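Q:
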Amino acid sequence: MMFSHEIMQRFNFSLTYKQVKAFSPLLCSSFHLSAIYSQSRNYRRPGSSPERLPFWKYTNFSLKNTTETLKKNVNLVFKEIQDHLRGPGGKPLLENLLEQTTVMWEFRSPEDLQKWTVSSDMEIGGKSQAFLKLGTNNQTALFYGVLNSEAPRDGETTSSGYCTLRSKPPKGAFGRKLNYDWSNFNTLHLRIRGDGRPWMVNIQSETYFTLQWDDLYHYFLYTRGGPYWQDIKIPLSKFFMSSRGRVQDGQYALWPDKITTIGFTIADRADGPFQLEIDFIGLCNDKAHTEEFAYELYKNIPL
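Here the sequence shown is numbered in UniProt numbering, starting from 1 and rising by one per residue.
1) Which partner residues of ILE124 appear in the DSSP bridge assignment?
2) Can you tell me whether DSSP reads GLN204 as helix, strand or coil?
3) Assuming LEU147 and ALA270 are in contact, meaning their beta carbons sit under 8 angstroms apart, how far apart are those beta carbons, in whole angstroms?
4) DSSP puts ASP279 in a beta bridge; with which residues?
5) Distance check for GLU156 and ARG244, CA to CA, integer angstroms please.
6) Can you list, in chain order, the residues of its chain with a C-beta nearer than 7 angstroms to that of GLY89? Leave out the 5 residues immediately preceding and following it.
7) Helix, strand or coil: which one does DSSP assign to GLN129?
8) Report buried or exposed for GLY250, applying the criterion of at least 16 other Cβ atoms within 10 angstroms of its Cβ.
9) Can you tell which of MET122, THR102, GLU292 has the C-alpha that lies nearest to the C-alpha of LEU190?
10) Considering just the uninterrupted stretch of the beta strand (DSSP E) at HIS84, what are its terminal residues?
11) May I have the straight-line CA-CA distance separating TYR17 from LEU94, to the nearest angstrom?
12) Would you kindly check if the distance between the Cβ of TYR162 and the Cβ of GLN275 is under 8 angstroms?
13) Straight-line CA distance for ASP231 to SER167?
14) Please list the segments of the beta strand (DSSP E) lying wholly inside the region 153-184, counting only runs of 3 or more residues, in order along the chain.
15) Counting pairs of beta carbons, one from the region 104-117 and one from the region 275-291, are three or more of them closer than 8 angstroms?
16) Within this structure, are the beta carbons of GLU80 and ALA173 separated by less than 8 angstroms?
17) I'd like to confirm the pairing. Which residues does DSSP put opposite SER243 in its beta bridges?
18) Please state whether the Cβ-Cβ distance between THR117 and ASN179 is less than 8 angstroms.
19) So, is THR290 buried or exposed, given that buried needs 16 or more other C-beta atoms within 10 angstroms?
20) Which residue comes first and which comes last in the beta strand (DSSP E) that contains GLU95?
21) Comparing C-alpha positions only, which one of LEU254, TRP213, ASP195 sits nearest to ILE203?
22) Skipping 5 residues on each side, what residues in its chain have a beta carbon closer than 7 angstroms to that of PHE131?
23) By the 10 Å Cβ neighbour count, where 16 or more other Cβ atoms means buried, how is GLN61 classified, buried or exposed?
24) Would PHE239 and TYR222 be called neighbours here (beta carbons separated by less than 8 angstroms)?
25) Do you know how far the Cα of ASN73 is from the Cα of MET122?
26) For LYS57, does the three-state DSSP call read helix, strand or coil?
27) Does GLY90 come out as helix, strand or coil in the three-state DSSP assignment?
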């Protein structure tokens, strides 16, 4: 079933029921058809690109652009080789083994903001608005906007009201997908200043199967509000898994060596302005925290 879905997506097939039946009668059972069509719906995670165009439609193939792109990627290849020879993560082995804390994201310039993507329910016809700018003294990031839970009148959408801030996945030379390796750490460290509203911290990790593409790990963050900063430490073992917004019965621990993105979502159905100011996002290794996973793991998912 997954193989058939991959073929349909890769070659952009649009098959009718009769065509699918002629291609493979085994796919025409009610179970297989519902699975294929449910997986091929135009679901898109908030923050992802709304357009799915082939690369040749948005790539500039001029000689100047091609030369600059090639030069840039060759330099990235040499940098990746040097980092690999230096040690894990581009750091010497001894430093990597002894490292207890690190800052993954900080916000000190417009270039730091370009590493993030802002989205809201306006992508599905909603009325919420979200923005990102440099905050106090250009030393923080301010994520702000207005939340509106009024559902679009399209006869199809029944709920709305969310805004999301999401980091862009890391990429290497020639657009290769990379991951963050957080194996040395067990705790997420945030320094934030909220508005007293509940937020959801989201972490996405690399997956191997098509059915896992929409898996996300979450933790509910309750901000204090007011003028004071909060230093919040969240053990990675506290994150629980969901798929397309539904908490899964079968829970599995987060793989810290396959992290791709991190983000923040507000969707508390309290219409009105919101804001979240972020100083930095870091990691630390809490030796006192020995918990591997905070939630029950089922050997067999109960029916």
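In this text, a Cβ means the ideal position worked out from N, Cα and C, and glycines have one as well.
These numbers were taken from a predicted model, which means no experiment stands behind them.
A: The short version:
1) Bridge partners of ILE124: none, in fact.
2) Reduced to three states, the DSSP call for GLN204 is strand.
3) Confirmed, about 7 angstroms.
4) DSSP, once it has assigned bridges, lists no residue as partnering ASP279.
5) Approximately 17 angstroms between the Cα atoms of the pair.
6) Excluding residues up to 5 positions away in sequence, ASN96, ASP181 lie with their Cβ nearer than 7 angstroms to the Cβ of GLY89 in the same chain.
7) In the structure shown, GLN129 sits in a strand (DSSP, three-state: E or B).
8) When all chains shown are included, GLY250 counts as exposed.
9) Nearest option by C-alpha distance: THR102.
10) No beta strand (DSSP E) contains HIS84, which is instead part of the alpha helix (DSSP H) from 63-86.
11) Here TYR17 scores only 37 on pLDDT, less than 50, and its place in the model is too uncertain to base an answer on.
12) Contact: no.
13) Rounded to whole angstroms, the gap between the alpha carbons of ASP231 and SER167 is 20 angstroms.
14) 163-167, all fully within the region 153-184.
15) Three or more beta-carbon pairs drawn from the region 104-117 and the region 275-291 are found closer than 8 angstroms, and the two stretches are therefore classed as touching.
16) Yes, the Cβ-Cβ distance between GLU80 and ALA173 is below 8 angstroms.
17) For SER243, which the question treats as bridged, DSSP gives the partners ASP215, ARG246.
18) Taking the C-beta atoms as reference points, ASN179 is found no nearer than 8 angstroms to THR117.
19) With fewer than 16 Cβ atoms within 10 Å of its Cβ, THR290 is classed as exposed.
20) For GLU95, there is no enclosing beta strand (DSSP E); the enclosing alpha helix (DSSP H) covers residues 93-98.
21) Of LEU254, TRP213, ASP195, the residue nearest in Cα terms is LEU254.
22) Excluding sequence neighbours, PHE131 sits near VAL118, TYR144, GLY145.
23) Checking the sequence, you will find Phe at residue 61 rather than Gln. Exposed is the label assigned to PHE61, since fewer than 16 other Cβ atoms lie within 10 Å of its Cβ.
24) Going by C-beta atoms, PHE239 is not nearer than 8 angstroms to TYR222.
25) Take the alpha-carbon of MET122 and the one of ASN73: they are about 35 angstroms apart.
26) Looking at LYS57 - three-state DSSP - the assignment turns out to be helix.
27) Shown here, GLY90 sits in a helix according to DSSP, grouped into three states.
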